[in-house]
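See below for the structure under consideration.
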DNA sequence: CAAAATTGTTAGACACGTCTAACAATTATA
DNA sequence: TATAATTGTTAGACGTGTCTAACAATTTTG
């Protein structure tokens, strides 16, 4: 019995389709080609052709004029992308203070290219900022001060902590 | 006098070519097709065709079998990409603690897709971490602790700062 | 300096993902 | 329910960027 070779990675486009289908299908809602096309801002024929491709890879179930549904495999991939998307959005919006819309846009692009180790660290980093009192509470405020004035709140240092550069 | 319409953005590929040419040309060294092809891991004909395209846009000077050089415009674009690249590398390597190689790889991808506002904030963020005693010195160590134990150094609050594993 | 090795170019195929135009199925509605 | 409106599909063009194969120029070296 020959084990199936590991799925080759999906392209950014295909990941977008999977992601869109997963989001539109939340709560087992019926997913339509039109919706996908609007969400991804592509024309319907592009969706049809993507669905064909994804069906061949068994990531999506789709029959002519019929239902659209992720297979368990497809769902796994989609969840993964969504997870990266959310973590990145949190990073840009919460940690960096970027406006939500831009944060989402950047997340949409970066989610397709970031490496697993960086993604993992980024997630931990966001968790850290959220969990750490100095990180979560003081950190952002000092950061904001820095953003505004280009320097730290004076006497921020209690003595050149660590080694000066 | 009609102002030239803003240059449409370059594709990730074209940005890579400009970046490679700039790096290989540092210190006015002569740039060769072969080098570019090796640096970007593409075959030489791909380079030739990219050079043709970039020449038409006046971002590169190139004559058949001859010299390869960025125009001032091309240099501007290249510097820009390199700047993003470096900031991203610093972020991943120094702030997140990712190994240099992975950090570079991620920077290479992300530099082409990140938005200007996010880029700007990210740069400031890295500067902040480097400048702020609590950020630069203690922050990383507490972060490391968190990475290892999944929770903050107990009583991280105000006295617990500065310790470390 | 002439042959050999290397580097660079041209031509053309191909994969990918998009689009428009034309047509088909489905759904809404008068 | 017949017709109109909407949604979905097919066919095929196109742009981008890659590649291989064949050939041309340049450079090295015996």
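Chains as they are written, first to last, in the working numbering: chain S, 19 to 183; chain W, 19 to 183.
A virtual CB, placed ideally from N, CA and C, is assigned to each residue, including glycine.
| said: Residues of chain S with CB closer than 9 Å to the CB of residue 132 of chain W, please, in chain order. | reply: As a first step, residue 132 of chain W must be located in the second chain, where it is residue number 114. The contacting residues are 124, 127 and 128.
| With a Cβ-Cβ cutoff of 8 Å, do residue 124 of chain S and residue 110 of chain S count as a contact? | Along the first chain, one-based indexing puts residue 124 of chain S at 106. Along the first chain, one-based indexing puts residue 110 of chain S at 92. Yes, Cβ-Cβ distance for residue 124 of chain S and residue 110 of chain S is below 8 Å.
| Looking only at DSSP bridge pairs, what is residue 80 of chain W linked to? | The residue you call residue 80 of chain W lines up with position 62 of the second chain. Answer is W:86.
| field | Where residue 155 of chain S falls, given that 16 or more other Cβ within 10 Å makes a residue buried | value | Against the first chain, residue 155 of chain S aligns to sequence position 137. With a pLDDT of only 48 at residue 155 of chain S, under the threshold of 50, the placement of this residue in the model should not be trusted; the figure read from the coordinates follows. Residue 155 of chain S should be labelled exposed.
| For residue 33 of chain S, which residues of its own chain have a beta-carbon under 6 Å away from its beta-carbon, when the five flanking residues on both sides are left out? | Within the first chain, residue 33 of chain S is the residue found at index 15, counting from 1. Hits under 6 Å: 99 and 130.
| message | If contacts are defined as beta-carbon pairs under 8 Å, then residue 79 of chain S and residue 87 of chain S qualify, I think. What distance do you get, rounded to the angstrom? | response | Position 61 of the first chain, counted from the first residue, corresponds to residue 79 of chain S. Position 69 of the first chain, counted from the first residue, corresponds to residue 87 of chain S. Rounded, the Cβ-Cβ distance is 5 Å, consistent with contact.
| message | Does residue 85 of chain S pass the burial test, meaning 16 or more other C-beta atoms within 10 Å, or should it be called exposed? | response | Residue numbering aside, residue 85 of chain S sits at position 67 when the first chain is read from its first letter. By the neighbour-count rule (16 or more Cβ atoms within 10 Å), residue 85 of chain S is not buried but exposed.
| Would you say residue 108 of chain W faces chain S, with C-beta separation under 8 Å as the test? | Here residue 108 of chain W refers to the residue found at position 90 when the second chain is read from its first residue. It does not: the Cβ of residue 108 of chain W has no partner Cβ on chain S nearer than 8 Å.
| Does residue 116 of chain S get closer than 8 Å to chain W when you measure Cβ to Cβ? | Taking the first chain and counting its residues from 1, the one referred to as residue 116 of chain S is at position 98. For residue 116 of chain S, the nearest beta carbon of chain W is closer than 8 Å to its own beta carbon.
| Where does the unbroken alpha helix (DSSP H) through residue 46 of chain W begin, and where does it stop? | Within the second chain, numbered from 1, the residue matching residue 46 of chain W stands at position 28. Neither: residue 46 of chain W is in no alpha helix (DSSP H) and is coded neither H nor E.
| Residue range of the alpha helix (DSSP H) that residue 118 of chain S falls in? | Position 100 of the first chain, counted from the first residue, corresponds to residue 118 of chain S. 118 to 128 is the extent of the alpha helix (DSSP H) around residue 118 of chain S.
| query | Hey, does residue 102 of chain W have any beta-carbon neighbour from chain S nearer than 8 Å? | reply | What you label residue 102 of chain W is simply residue 84 of the second chain in a count that begins at 1. Chain S contact via Cβ: absent.
| field | Counted within 10 angstroms of its Cβ, other Cβ atoms place residue 101 of chain S as buried (16 or more) or exposed | value | Along the first chain, read from residue 1 onward, the residue named residue 101 of chain S stands at position 83. Answer is exposed; the Cβ neighbour count stays below 16.
| field | Neighbour list for residue 140 of chain W in chain S, Cβ cutoff strictly below 7 Å | value | The residue you call residue 140 of chain W lines up with position 122 of the second chain. Taking the beta carbon of residue 140 of chain W as reference, the chain S residues within 7 Å of it are 114, listed in sequence order.
| field | Neighbour flag for residue 32 of chain S against chain W, beta carbons, 8 Å | value | In the first chain, counting from the first residue as 1, residue 32 of chain S sits at position 14. The Cβ of residue 32 of chain S sits no closer than 8 Å to any Cβ of chain W.
| By the criterion of Cβ-Cβ separation under 8 Å, what are the contact partners of residue 136 of chain W in chain S? | Walking along the second chain from the start, residue 136 of chain W turns up at place 118. The contacting residues are 110, 114, 116, 120, 121 and 124.
| Beta carbon of residue 55 of chain W nearer than 8 Å to that of residue 47 of chain W | What you label residue 55 of chain W is simply residue 37 of the second chain in a count that begins at 1. What you label residue 47 of chain W is simply residue 29 of the second chain in a count that begins at 1. No, they are not a contact pair.
| request: Please name the residue, chosen from S:53, S:105, S:97 and S:65, that lies closest to residue 136 of chain S on a Cα-to-Cα basis. | output: Position 118 of the first chain, counted from the start, is the residue given in the question as residue 136 of chain S. When only C-alpha atoms are compared, the closest one is S:105.
| task | Return helix, strand or coil for residue 28 of chain S, following the three-state DSSP convention. | result | Translated into positions along the first chain, residue 28 of chain S becomes position 10. Residue 28 of chain S: coil per DSSP, three-state reduction.
| query | Between the beta-carbon of residue 96 of chain S and the beta-carbon of residue 132 of chain S, is there less than 8 Å? | reply | To locate residue 96 of chain S, count along the first chain from 1; it is residue 78. To locate residue 132 of chain S, count along the first chain from 1; it is residue 114. Against a cut-off of 8 Å, the Cβ pair of residue 132 of chain S and residue 96 of chain S comes out as no contact.
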